[in-house]
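Chemist: Quick note on numbering: the sequence shown equals residues 1184 to 1464 in my numbering.
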Amino acid sequence: MDVVEDVMTKKVVTCMLTATILEVQKLMVGHRISRIVVVEAKNKPVGIITQKDLVNFLLADKSRRGLEEIRGEEVMSKDLVTTKPAAPISGVARTMIRKKISSLVVVDEDGKLKGIVTKADVVMYLASKGAGIYSVRDFMTPNPITVKPSHPIFLAASLMSEHGISRVVVVDKENKPVGIITLADVTTISALLKPAKVLEEGKPIFMKGFIALPKSIHLLTAEDVMTAHPVLINKDADLADAAKLIVRHAVSGLPVIDNSGKLVGIVTKSDLTRAVAFRKE
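1) Is it right to say T1329 is buried, meaning 16 or more other beta carbons lie within 10 angstroms of its own, or is it exposed?
2) With H, G and I counted as helix, E and B as strand and the rest as coil, what does DSSP make of L1210?
3) Can the beta-carbon of V1288 be found closer than 8 Å to that of L1263?
4) Would you give the residue range spanned by the alpha helix (DSSP H) that G1255 belongs to?
5) Output the distance between the C-alpha atoms of D1441 and V1447, rounded to the nearest integer angstrom.
6) Would the stretch 1283-1302 count as touching the stretch 1311-1325 if we require 3 or more Cβ pairs under 8 Å?
7) Whose CA, out of K1209, D1424, V1186, lies closest to the CA of T1197?
8) Select from S1443, A1340, I1429, A1460 the residue whose C-alpha is nearest the C-alpha of A1303.
9) According to DSSP, is L1403 helix, strand or coil?
10) Shortest alpha-carbon distance to D1424 belongs to which of I1348, T1404, G1315, N1358?
11) How is P1344 classed by DSSP in three states: helix, strand or coil?
12) Going by C-alpha to C-alpha distance, which of L1455, V1351, M1191, V1434 sits closest to I1265?
13) Quick check: the Cα distance between V1195 and R1350, rounded to an integer number of angstroms?
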């Protein structure tokens, strides 16, 4: 039986309760990760801060505080879901789906941090052991949320928060994917989610390849932030191939197209985790 210890990430990036959101953001961007485990003394986990937590908090927070004024303990999810190193992978996948979470913190018998198992780890498992079982259409999510290149970036961020999703697909007039915007993209420009503070400080914002002036932030569009030419997959492809593409390109989801190149769905780490949850060990 394959267990958590076989796939978990042992080197976990952590922060203390006193860390600011600015420090948390820098850790996420610097390590290219989507969650930070919050620990107290003796390396015992007490919470977790995900990109989704960060974006949702900043969208809802009406104060004029900057990122350096907000402490991590205000934003973190305190109801940690934990598991043990010897737990079966399929069981962990079922827990992720049932509780609608993307990771479980792995602890030893004393409650000390031993690692973390994420949907990315589950996807890697599927990529290596799931060939020939399912096709993409079996587990893809149809009718994904989309925006046009000219839509405001604030609309994309609001849609992600409203629908509890981690990405929106940018499509052209023919409904063909031309880009994708993820929570990771929004996290890198999270200061823009506090526009009053940005305007007050008057400092330029460094975007992907250019600098945005504070007075122009309301003009920023999906095209300014999106990752162009996203990795695509056909609905009839092997699901394990989708897992391999997600691992190889370090992305969290793939727009799914039909034979004419039009968007028909999206397959994400969550969808692949469902496949592992349903698979018998």
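Even glycine gets a Cβ: it sits at the ideal position worked out from N, Cα and C.
Modeler: By the coordinates alone:
1) buried
2) L1210: helix per DSSP, three-state reduction.
3) yes
4) 1255-1258
5) Taking C-alpha positions only, D1441 is separated from V1447 by approximately 6 Å.
6) Touching, no.
7) K1209
8) I1429
9) coil
10) G1315
11) Residue identity check: residue 1344 is Ser in the sequence provided, not Pro. S1344: helix per DSSP, three-state reduction.
12) According to the sequence as given, residue 1265 is Thr; it is not Ile. Comparing Cα positions, the closest option is M1191.
13) 24 Å
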